[in-house]
Every structure is written in C-alpha cells, then in structure tokens.
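In our numbering, the protein residues as written are 53 to 175.
Yeah, the Cβ is synthetic: ideal placement off N, Cα and C, and Gly gets one too.
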C-alpha cells in the first residue's frame, strides 16, 4: 500500500529493481531521468524514492538537490550506488539521503533498509 518511485536510466536496472521489490505490496512508478523524477514528485506523492546515483544530465546527487528545494519535500530517498561503503556513507550524510543500497540490489539488505525507513515513518 506504499507508493514507490524508482529512478534509473537503465531499463535493465529498472527491471531488476522492480523484481527485487515484487514481494512487497508497493505501487511502483518508474522513470528514467532526474528531470522526470522531479516532475513526478511535484505531480504526485510518494512514500519512498529509489534514486540511481549515475545518470546523464541530472545525476542522483543533483536530482536530490532539486528535490530538497521542493516546498514541504519530506520523502525518504534511497541512493542506489556502486560506491564502497565509506564513500556511500559520506554521500548520504552530505546530501540528505536516508540510506544507500549497492547495485545490483541485494534482497536481504533491501528488506532491512525498507523496514528501517518505513518503520521510522510510523508505519
């Protein structure tokens, strides 16, 4: 019953991420760019956003900066990255992400992150 937005420029990665999330009762929307993510976030409300770090035009960090400038934006954003843990931790601290997951997503780690974030929202 949660609305999730997945942002990744790779069609293959979108399919893999969607498959990782199939056991949840999420309503999933996908988009392939930072610009599209910003527009969708303005037009609709999401409970969680999965945002790829490496994308053309607006990368994940730049997209996050734009999202934070939206009035009353409080959606938790998970950074999807290929960075090592120490580098990823620094990125989430500096940029306001709630967590990170390495790509390709690991089902067990994804489950832990989702439970932590969604439980903190009072769900």
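Is residue j closer than 9 Å to residue i when the C-beta atoms are compared?
i, j, result
"residue 130", "residue 152", "yes"
"residue 144", "residue 136", "no"
Tell me which same chain residues have a C-beta within less than 8 Å of the C-beta of residue i, skipping the five on either side of it?
i, result
"residue 112", "59, 86, 103, 104, 105, 106, 131, 132 and 133"
"residue 162", "72, 73 and 153"
"residue 119", "89, 90, 93, 101, 125, 127 and 129"
Which one of the options has the shortest CA to CA distance from residue i?
i, options, result
"residue 88", "115, 73 and 124", "115"
"residue 147", "167, 128 and 171", "128"
"residue 97", "142, 165, 53 and 159", "53"
Do residue i and the ligand NAP come close, with the Cβ less than 8 Å from some heavy atom?
i, result
"residue 131", "This structure simply doesn't include the ligand NAP, nor any ligand for that matter."
Using C-beta distances below 7 Å, list every residue in its chain close to residue i, excluding the 5 sequence neighbours before and after it, in chain order.
i, result
"residue 61", "84, 85, 104, 107 and 108"
Between residue i and the rest of its own chain, which residues show a CB-CB distance below 6 Å, the 5 nearest in sequence each way excluded?
i, result
"residue 55", "79, 98 and 99"
Cβ pair count under 8 Å reaching 3, the stretch 89-99 against the stretch 65-72: Segment contact: the stretch 89-99 against the stretch 65-72, fewer than three CB-CB distances shorter than 8 Å; contact not assigned.
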